[in-house]
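In what follows, a single structure is set out as structure tokens and then discussed.
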Amino acid sequence: MDFPPFRYSPLITPTSIRLIQLQSSPSKSGLLECTIKTLDLSQLKANRTSWNSADCYVALSYTWGNPTSIIEQPINLPKAVPSDIQDRTESLPWAFESQGPDNLRLFNDDLPTREYVLHKRSLPRHNNPCVGSQQESPTVPILVDGCILRVQRNLHDFLQHLARIRQLAPPDWEFCGTESDEYWTKKAWAEMPLAQALYSPIWIDAICINQADMEERVSQVQMMDEMYREASRVFAWLGPPDGFTEDALDALEALYLFATYGPVSGNYNIMDDNPTSKLTFTSFEPEMDIVSWVAIFSFFQRSWFSRAWVAQEAIFGDKGIGIVHGDKIIPWECLIMVTELLEKSGLHMDINRLGSNLLAGQPLSNSVRGFRKVASYALVDRPIREISLGSNLLEGDGITFLSSARSVRSRLRMQPDHILTDFPPLLRVLSLFRNAGATDPRDKVFAFLNIATEQENIATGLVPDYTASVQDVFKRTTQTIMEHTRSLSILSHVQEPEDTKIQGLPLWVPDFSVPLCCTPFDTGDDDVYYRASGASVEAWYQIHDDGTLEVETVMFDAILFSPGVGDETTDLSNQILQTILSIAPDYPIGRFEWVDIEDKKPKPPIRDPTDNKLISEILASWEPAHDSENDDYDYDDDTRLDWEREFGIHLAHAKEMEQSGSLRDALSKENAAGEWFDCPSSPVPPQDAKSEKPHRHRAGKRLKIHTVTRIEALWRTLTGNSLPAAIPGAQYLVAGSDTTYPAPRALGNGFCNWILASLLEMRYLFHRLKRIRLDTKQENESAEDEQTNNALPNAAATRFRHALALWSAVYNEVYIDRAAQDTFDVHDDDLPFPDLDEMEKEEYLYQMAPKFLPCATRIKEALRKEIPEIEIPTTKIEDLQVVLNGLEREQALTHFTKEEQDEMIQFERRMETMVRGRRLFVTHGGLLGLGPQSLFQGEGQRCPYEVHIVKGAKVPFVLRTTPEEGKYKLIGEAYVFGIMDGEIEDMLKTQDWCEYKKIKLG
1 MDFPPFRYSP LITPTSIRLI QLQSSPSKSG LLECTIKTLD LSQLKANRTS WNSADCYVAL
61 SYTWGNPTSI IEQPINLPKA VPSDIQDRTE SLPWAFESQG PDNLRLFNDD LPTREYVLHK
121 RSLPRHNNPC VGSQQESPTV PILVDGCILR VQRNLHDFLQ HLARIRQLAP PDWEFCGTES
181 DEYWTKKAWA EMPLAQALYS PIWIDAICIN QADMEERVSQ VQMMDEMYRE ASRVFAWLGP
241 PDGFTEDALD ALEALYLFAT YGPVSGNYNI MDDNPTSKLT FTSFEPEMDI VSWVAIFSFF
301 QRSWFSRAWV AQEAIFGDKG IGIVHGDKII PWECLIMVTE LLEKSGLHMD INRLGSNLLA
361 GQPLSNSVRG FRKVASYALV DRPIREISLG SNLLEGDGIT FLSSARSVRS RLRMQPDHIL
421 TDFPPLLRVL SLFRNAGATD PRDKVFAFLN IATEQENIAT GLVPDYTASV QDVFKRTTQT
481 IMEHTRSLSI LSHVQEPEDT KIQGLPLWVP DFSVPLCCTP FDTGDDDVYY RASGASVEAW
541 YQIHDDGTLE VETVMFDAIL FSPGVGDETT DLSNQILQTI LSIAPDYPIG RFEWVDIEDK
601 KPKPPIRDPT DNKLISEILA SWEPAHDSEN DDYDYDDDTR LDWEREFGIH LAHAKEMEQS
661 GSLRDALSKE NAAGEWFDCP SSPVPPQDAK SEKPHRHRAG KRLKIHTVTR IEALWRTLTG
721 NSLPAAIPGA QYLVAGSDTT YPAPRALGNG FCNWILASLL EMRYLFHRLK RIRLDTKQEN
781 ESAEDEQTNN ALPNAAATRF RHALALWSAV YNEVYIDRAA QDTFDVHDDD LPFPDLDEME
841 KEEYLYQMAP KFLPCATRIK EALRKEIPEI EIPTTKIEDL QVVLNGLERE QALTHFTKEE
901 QDEMIQFERR METMVRGRRL FVTHGGLLGL GPQSLFQGEG QRCPYEVHIV KGAKVPFVLR
961 TTPEEGKYKL IGEAYVFGIM DGEIEDMLKT QDWCEYKKIK LG
């Protein structure tokens, strides 16, 4: 049967919209059939008496393209495990190979991967990683008023799904799922019965907007926020179910119950829990296993969570959003509770890491990664890897999206008839949803205009204009934000230079079509706690006809080098410790703090050190060709810690400050009420922090001049000197957020524990390899075979020895001036080997040890402890977290209390968040910073990168010099510990070299 094509009739009024009514049964032709009508939104708002009136409608939120980004790839396992190692690795997806010296190949089984594959007989793989690509999706015909209209496959699937649900649901059906699911759905569906919503007219953009009429399209886009506000319900269609759906829905329900009621064994509530308490995968055993967590990962990778237009649909659909997936409709509030649970506990990072590694075919267990590092360490010519600290996560995920949407919704505090507070700034909105995808790059701006500050849009005429080029839209948006905010925060949102896709953009204009590899330090909102150029300094800039941006900056320092750290075959802790050896033990910039006069340093336990060969015994040669009893190591006593010299440095520093008057100036700025004083070396809290939680001078307090060590500067840099949680005793909280700034000492304690745990993991892996080698040694081995078979244990011993030497060098304040060297590598020959006995004695005699670094006494106690006996399951996994941690990690954790473990986990997660997509760098002046990951990529370590403080900007920027004098290339924003709190203002007054100069960016 032939049907004519559907033709749109013009809308009657500027506020008119179209709605469709789906017929419950297909037409005689077998096609889905619907009718279309118009509705005037302004009349609906004026005449509506209730949300159950006849004119009520529901709105659909969905993605036009492929709804899934992850699919299941079937795995055909052999009937029997191959005896040949090569065949075994190729046929078993959980068998991993590492390359060692002399063509040595190391094979390991990854237990978590094995567990997943045996249960699912498949592995997750990317389906459509390029969200928002221009690829055309297949269309399917439907009947609209008896005429043919072709729609996207995903939309057709929803209409079919809706028709099926109508047939299953009785007229008075209030809840989705079975009666036992009532708690999962009832609370969020109070205003409009679900059955009525299922039979109501629907607004769907692809059908209800004439996409071929550009004028109508622009007009309707500007009204979309009203369309979703006035809808009685919003259905969010995630796409048809797949092999992950059933497991994902069961897991979401378990997480929702946990967030609501806590574990069955107690009255635990995650929302009231101490922020230092951490959940792990173990907290949800046995209800959830690795299959459950991978299903959760896949659920939040659905394309709906990464579509630009979905943001306002989710934010303005305040009458009740239902997430339609499988046979359930999940209320928005329930899903938000789940995401809050995952975010607050830090589990969302663990879930992303688990899923991303599985997608990439990487091992999940730390034990396998440990073997890989040893195999790489055994190579004589180890490749120098220039890798950023960040992990390989997908561009966007549902947890981040829902968190962003929740943030905006809570800020708007929407009511049925009005909005109580202002909209967030446009730059903040663009930052929150930067990783969202859009087919048309211009929609990366247009899709968020209704969410951002209304006055800003109206005053500037920044409205959707599809006749403008992408370059014009992005440039006009950037200029609008700069003019409206009178700041240069927009520069923090410029992508890495090589990531730019839209050609022809000025280098200072963000390419909004490109996801950022990290969250900007300056988000463009009023809760940013950094103020590098000062608390109230207004930006100055000028845009020239040649496309350059002229600004005023202070060239503060030049970058000396930027180590590549953090891949699968290198030790992050070793590389970090190696980096700070190029920094003076006393960091160039100090700070002030109030301390109790009666506070005294705790004395270490009295002991009589007698074991002078502890390290020798641990690393004693186990090779049969050597006599382990006579094997020893030479110790270097020339670089032992001299605490008398340390005291001299501190006293001299205090005397210098007193003579210069800076100490008196700081004290004089404290007012009579004893509130905060303002000095360049001490962060100044926001004004409202004084009334909320002022820090006052009390009896029994004194001002201590605190010389920041390079160790403290390091962990504060790695964490951005902040923690997004309210910590008791924190210096102050940032206004409008729950971020603690500066970071609490608990993060420093976590860093200290992390260093010790990393060292112990290396020690236990060496012991494991040594035991394996001795157990498998064959008689009459040839010298060549013996050398090959001893390579890995020898490499593990060298790796452990190197870690100890690095720790000792940092402990003993070894300083390596790398500016005078041609290479930035540190070799074992450059480092003294630790004499723990002497170091322990000095700790006891002088009652002191470096802060935030494991002391010699703690190291010695840990190394003297017997090897913990821990059983890791080799068949069925009963504790996923233990298996993911691996044997060596679990052995190391036995040395720490629960509180210490929590602090370590907190530091690790915070570090991972802050350094993802960034690189650690060291300046010529001895400052530590985090900067763009493109630093020195393919350019060697002598490229002219400079750190500039831009007038009116909240964070420093890394600029690259160009052949043209006064012209620079913007590389990206940076965090530099010591110059983030307006210290430049005092320097401008006292330092001749410190002055603002005009430069051009382009």
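Number 446 in the UniProt record's numbering belongs to position 446 of the sequence shown; there are no gaps in the numbering. All residues carry an ideal CB built from backbone N, CA and C; glycine is no exception.
Separation of residue j from residue i, as counted between CA atoms
i: R919; j: F936; result: 10 Å
i: G917; j: F401; result: 19 Å
i: E191; j: H493; result: Model confidence at E191 stands at a pLDDT of 45, short of 50, so the residue's coordinates are unreliable and nothing is read from them.
i: L198; j: R18; result: 18 Å
i: S283; j: L255; result: 11 Å
i: T477; j: R7; result: 35 Å
i: I4; j: S365; result: As written in the sequence, residue 4 is Pro, which differs from the Ile given in the question. About 60 Å.
i: P728; j: D837; result: Annotation note: pLDDT 41 at P728 (below 50); position unreliable, no value reported.
i: F305; j: E498; result: 26 Å
i: E90; j: E842; result: 55 Å
i: L462; j: Q479; result: 11 Å
i: M987; j: V955; result: 16 Å
i: N352; j: F297; result: 7 Å
i: T439; j: I999; result: 37 Å
i: H767; j: E343; result: 37 Å
i: L149; j: P141; result: 6 Å
i: D2; j: G243; result: 38 Å
i: R217; j: C147; result: 21 Å
Residues near residue i in its chain [Cβ-Cβ closer than 7 Å; skip 5 each side]
i: P588; result: G925, G926, L927, G978
i: D247; result: V291, S292, A295
i: T13; result: D40
i: P10; result: none
i: A405; result: A311, A314, I315
i: A730; result: Because A730 sits at a pLDDT of 40, beneath the cut-off of 50, its placement in the model cannot be relied upon, and the following sentence gives the value as read from the coordinates. If we look at A730 and ignore the five residues flanking it on each side, its Cβ neighbours are T740, P744.
Residue i burial status per 10 Å Cβ neighbour count (16 or more: buried)
i: Q503; result: exposed
i: P331; result: buried
i: N47; result: exposed
i: R486; result: exposed
i: D545; result: exposed
i: T897; result: exposed
i: D992; result: exposed
i: N574; result: buried
i: C208; result: buried
i: P112; result: buried
i: Q778; result: exposed
i: M349; result: buried
i: D110; result: buried
i: R121; result: exposed
i: A558; result: exposed
Integer Cβ distance of residue i from residue j, believed to fall under 8 Å
i: A375; j: L106; result: 5 Å
i: L560; j: V810; result: Rounded, the Cβ-Cβ distance is 18 Å, inconsistent with contact.
i: T709; j: P850; result: 7 Å
i: F316; j: D225; result: 5 Å
i: N127; j: I71; result: 4 Å
i: L430; j: F448; result: 6 Å
Among the options, the one whose alpha carbon lies nearest that of residue i
i: Y996; options: E343, T962, H948, M980; result: H948
i: L893; options: S934, E313, L759, M980; result: L759
i: R889; options: E878, L77, Y741, E871; result: E871
i: M762; options: G886, W203, S27; result: G886
i: S513; options: T548, Q301, R442, L507; result: R442
i: D465; options: E215, P240, N753; result: E215
Close beta carbons around residue i, own chain, < 6 Å, minus the five adjacent residues each side
i: G720; result: M914, Y975
i: G748; result: W715, F852
Same chain, Cβ closer than 8 Å to residue i, neighbours up to 5 away in sequence not counted
i: Q167; result: S24
i: V470; result: P441, R442, I502, S513
i: I984; result: A532, S533, G534, V554, F556, I949, C994
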